[in-house]
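Below is one structure, written out as structure tokens; the observations come after it.
Residue numbers (the UniProt record's numbering): 1 to 155.
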């Protein structure tokens, strides 16, 4: 069975940038999936690297800026050989670059939540607050789907 880690990245002091942190905290308490480990990494790259070094599959939950509607959830696959698009997120690129540099066998998925605002403000923007439960449900469904597909022994 693969070791699956869900990592929440973000800065809760920058409004919607903290969505990954809030989601992973809440999912780990409300509806944790068996055989999935939940880690709140915030913006601490060394801590996040240490806590995820054992993962076979890493699912990163973070705010993204892709021009879509605020609150929209998008999945970005990322594999070592694929490379990463710069500018999607303030955090996952730094983390991913460092993870790829120091960790050998690694595969990951980014679950991005489109941010509306990343100003200096504690808490989410009104639109993400309004959509929070729907966003959490979608993110949890994605994690459940990924986890159930990964639980099957490799061919």
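In this text, a Cβ means the ideal position worked out from N, Cα and C, and glycines have one as well.
Quick caveat, the model's predicted, so the values are computed rather than measured.
- In this structure, residue 38 keeps its C-beta atom at 8 Å or more from the C-beta atom of residue 64.
- When DSSP states are grouped into helix, strand and coil, residue 116 belongs to the coil group.
- Annotation for residue 62: the continuous beta strand (DSSP E) segment containing it runs 57 to 64.
- Put simply, the stretch 8 to 15 touches the stretch 109 to 124. At least three CB pairs are less than 8 Å apart.
- Its chain contains 33 as the residues whose beta carbon lies nearer than 8 Å to that of residue 144, once the 5 sequence neighbours on both sides are disregarded; these appear in chain order.
- Separation of residue 146 and residue 110 (C-alpha to C-alpha, rounded to the nearest whole angstrom) is 12 Å.
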